[in-house]
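Everything in the sequence shown is counted per the working numbering, starting at 125 for the first residue and increasing by one.
Backbone N, C-alpha and C fix where the C-beta goes; we use that ideal spot for every residue, glycine too.
No experiment lies behind these values; they were computed from the predicted model shown.
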Amino acid sequence: MRSGRAVAVLAVVALGAAGCGGGDDAAASTAGASGSGPSGTLTVFAAASLTDVFTDLGQQLEEDHDGLSVQFNFAGSSALATQLTQGAPADVFASANGTQMSVVTDADLADGDPTVFTGNVLQIAVPAGNPAGVTGLADFGRDELALAVCAPEVPCGAAGEDVFAAAGVTPRPDTQEEDVRAALTKVELGEVDAALVYATDVAAAGDRVEGISFPEAEDAVNDYPLCTLAAAPNPEAARAFVDLVLSDEGQQALEDAGFRAP
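Written out as structure tokens, the structure reads:
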């Protein structure tokens, strides 16, 4: 968990430095405002569960537009929303739920209304082979197991509270992680017997983990909204990225990664 915080801090410091740099840096970040297509630097703040698919889409956008560099800040949506309200420079924000997007829109930071572009559901992740014999949500009430969930302010944590309530389970987690990928990492490293993460995270981990579905997941489907930001340093590139995510190609990439259609 310490390493996850360190990465997040480094990302924010780097982004802050880019936003507070000299004239050359500012010119580079806004280069997409003119010319035949987006160029310069595009900065996307996105929920940690989007890491793999958004990285791929960012690389595709770079290939389609020579001179464009796409930079991502992946973290828990609540942390990203806080960074934005505190003045962190960014062009696009993609949240794992509407609650954290509302933090940004209520602060008048969005350029227009956000668009829901995909959905996700929770799944139990266990180490390969499921050595603890976890079978469902009820196991999150077992004191003898090492268990990880997301912190309640993070979308996966808020959804977790809903599914535990629906199942009538009082969870006894050993750790509450700052984003869903940190919870997944605990499983991959064998540090916990189970973690509550998104189905897409289980899929992204491949054979390093196993996923266990449960019916209560349908009681807490997370809709993911995204928006361009009103103070975007590179609004043309921001629009291009959002258009790609909403395109048939972008939607197929999300579906291939295990996300749901909006």
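- Bounds of the alpha helix (DSSP H) holding Val369 are Pro359 to Leu370.
- In this structure, Gly330 sits away from Leu181, with a CB-CB distance that is not shorter than 8 Å.
- Secondary structure within the region 214-269: the alpha helix (DSSP H) runs of 4 or more consecutive residues, fully enclosed, are 222-230 (chain order).
- By the neighbour-count definition (other C-beta atoms within 10 Å, threshold 16), Gln210 is an exposed residue.
- In the DSSP assignment, Pro349 falls within the unbroken beta strand (DSSP E) covering Asn346 to Thr352.
- With respect to the 8 Å criterion, Val293 and Phe264 are classified as neighbours on the basis of their beta carbons.
- By the neighbour-count criterion, in which 16 or more other beta carbons inside 10 Å mark a residue as buried, Val311 falls on the buried side.
- About 4 Å separates the beta carbons of Pro279 and Asn221, which is inside the 8 Å limit, making them a contact pair.
- Going by DSSP, Gln300 is part of the beta strand (DSSP E) stretching over Thr299 to Glu301.
- Listed as beta-bridge partners of Gln195 by DSSP are Thr167.
- For Ala355, the closest of Ser201, Thr179 and Val216 by C-alpha to C-alpha distance is Val216.
- C-alpha of Val316 to C-alpha of Gly191: approximately 43 Å in a straight line.
- Within the DSSP bridge table, the entry for Ala318 names Leu271 as partners.
- Taking Pro276 as the centre and dropping the five residues before and after it, the same chain places the C-beta of Ala282 and Glu285 closer than 7 Å to its C-beta, in chain order.
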